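See below for the structure under consideration.
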Amino acid sequence: MDATIASKRIRIHDFLSGLTLFNELDDSELDDFAQASVEINVDRGKSAFQRGDPCNGFHIVMCGQVKLALISPQGSEKVMGILHPGQSFGEALMFMERPYIMSAQALVDTKLLHVPKTVVFAQLALDYRFVQKMLANLSQRLYELISDIEAYSLKSGSQRVVDYLLQCNQHTTNTSSCHLECSKAVVASRLNLTPEHFSRVLHGLCTNRLIRVKGRAVTIVDVEKLRGYRGRILP
Numbered sequence: 001m002d003a004t005i006a007s008k009r010i011r012i013h014d015f016l017s018g019l020t021l022f023n024e025l026d027d028s029e030l031d032d033f034a035q036a037s038v039e040i041n042v043d044r045g046k047s048a049f050q051r052g053d054p055c056n057g058f059h060i061v062m063c064g065q066v067k068l069a070l071i072s073p074q075g076s077e078k079v080m081g082i083l084h085p086g087q088s089f090g091e092a093l094m095f096m097e098r099p100y101i102m103s104a105q106a107l108v109d110t111k112l113l114h115v116p117k118t119v120v121f122a123q124l125a126l127d128y129r130f131v132q133k134m135l136a137n138l139s140q141r142l143y144e145l146i147s148d149i150e151a152y153s154l155k156s157g158s159q160r161v162v163d164y165l166l167q168c169n170q171h172t173t174n175t176s177s178c179h180l181e182c183s184k185a186v187v188a189s190r191l192n193l194t195p196e197h198f199s200r201v202l203h204g205l206c207t208n209r210l211i212r213v214k215g216r217a218v219t220i221v222d223v224e225k226l227r228g229y230r231g232r233i234l235p
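Residues in the sequence shown are numbered consecutively from 1, following the UniProt record's numbering.
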């Protein structure tokens with residue numbers, strides 16, 4: 001076997017073994033996935049796939065950051081998710097054998113692993129634990145989607161921003177710092193807000209001395225006060 005191919009297979013094997021979905025597979029099973037899977041390098045700003053492209057497997061982010069978005073015929077965009085290393089996407093459509101309904105764009109130089117459905121279906125037919133983990137993964141996505149719908153429908157814009165900031169930093173200390181995971185425009189779209197609305201809420205939080213903002217760096221001055229301030233600022 002070519003040394004380069006062997007090295008790549010070992011790298012994929014080791015990467016998969018560290019993921020919850022694959023960590024109970026034995027070495028030979030991991031080798032099957034490593035042999036079938038393909039690494040894809042996506043430059044910043046480029047698309048991994050577009051709406052309407054066929055879905056023949058699912059992707060895992062190996063390094064970098066990916067934006068999943070719905071794009072209208074007029075070019076407007078709704079960000080549905082921002083994915084980081086170790087996170088996967090495309091499983092549901094793989095099972096449904098339907099084309100992608102979203103586009104995937106690299107926010108930074110990114111490496112993806114494409115896992116073809118043939119090797120996934122073969123493992124599902126043999127391993128009930130793998131079936132359970134795949135179902136748990138899909139159930140988590142459904143839970144997150146319902147949580148998003150709840151936020152968009154029942155929470156004000158300011159509540160969504162506060163929830164996002166608190167989620168960015170889970171520390172219990174009274175003073176914490178967090179870093180916006182991507183540009184303010186992308187975060188705003190993820191929260192179903194216009195960039196102007198998002199900036200206005202941040203400004204209101206700064207005026208009330210709950211946070212300080214410098215670029216993408218956000219300092220939460222008082223976590224407990226920020227939690228208690230939900231619903232008392234601009235909608």
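Here a beta-carbon is modelled for each residue, glycine too, at the ideal position from N, C-alpha and C.
As the structure is a prediction and not an experimental result, all values here were calculated from the model.
| task | Specify the secondary structure class of Lys225 as computed by DSSP and reduced to three states. | result | helix
| message | Bridge partners for Thr219 per DSSP, in chain order? | response | Ser177, Arg212
| said: Tell me which residues share the same chain as Asp32 and place their Cβ nearer than 7 Å to its Cβ, disregarding the 5 neighbours each side in the sequence. | reply: Val119
| message | So, at 7 Å on beta carbons, what are the nonlocal neighbours of Ala185 in its own chain, with the 5 sequence-adjacent residues on each side left out? | response | Pro195
| Is the segment 48-62 touching the segment 90-97, taking contact as three or more C-beta pairs under 8 Å? | yes
| CB of Leu145 within 8 Å of CB of Leu226, strictly | no
| field | Exposure of Gly228, with buried meaning 16 or more beta-carbon neighbours within 10 Å | value | exposed
| field | 8 Å Cβ cutoff met for Ser177 and Thr219 | value | yes
| field | Per-residue DSSP class, three states only, for Ile101 | value | coil
| request: Give a yes or no on whether the C-beta atoms belonging to Ser7 and His114 are separated by under 8 Å. | output: no
| message | If you reduce the DSSP assignment to three classes, tell me which class Thr110 lands in. | response | strand
| field | alpha helix (DSSP H) runs wholly inside the UniProt domain "Cyclic nucleotide-binding" (21-141), at least 4 long, in chain order | value | 27-36, 91-96, 117-124
| Under a three-way DSSP split, which group does Cys182 fall into? | coil
| message | Using the Cβ count rule (16 or more neighbours within 10 Å means buried), how would you classify Val223? | response | buried
| task | Compute the distance between the beta-carbons of Leu107 and Val66, then report whether it is under 8 Å. | result | yes
| task | Please determine, among Phe198, Gln140, Glu29, the residue with the shortest C-alpha to C-alpha distance to Val126. | result | Going by the sequence as given, residue 126 is Leu instead of Val. Measuring from the Cα of Leu126, the nearest candidate turns out to be Glu29.
| said: Measuring straight from C-alpha to C-alpha, what distance separates Thr172 and Val79? | reply: Note on Thr172: pLDDT 42, under 50, position unreliable in the model; no value is reported.
| Which value, in whole angstroms, describes the spacing of the CA atoms of Ala69 and Leu83? | 11 Å
| Euclidean distance between Cα positions of Phe130 and Val221 | 44 Å
| Taking just the CA atoms, how far does Gly81 sit from Ser189? | 10 Å
| query | Which term fits Gly18, buried or exposed, when burial requires 16 or more other beta carbons within 10 angstroms of its beta carbon? | reply | exposed
| Where do the N-terminal and C-terminal ends of the alpha helix (DSSP H) with residue 236 fall, by residue? | A query on residue 236 cannot be resolved here, the shown segment of the chain reaching from 1 to 235 and no further.
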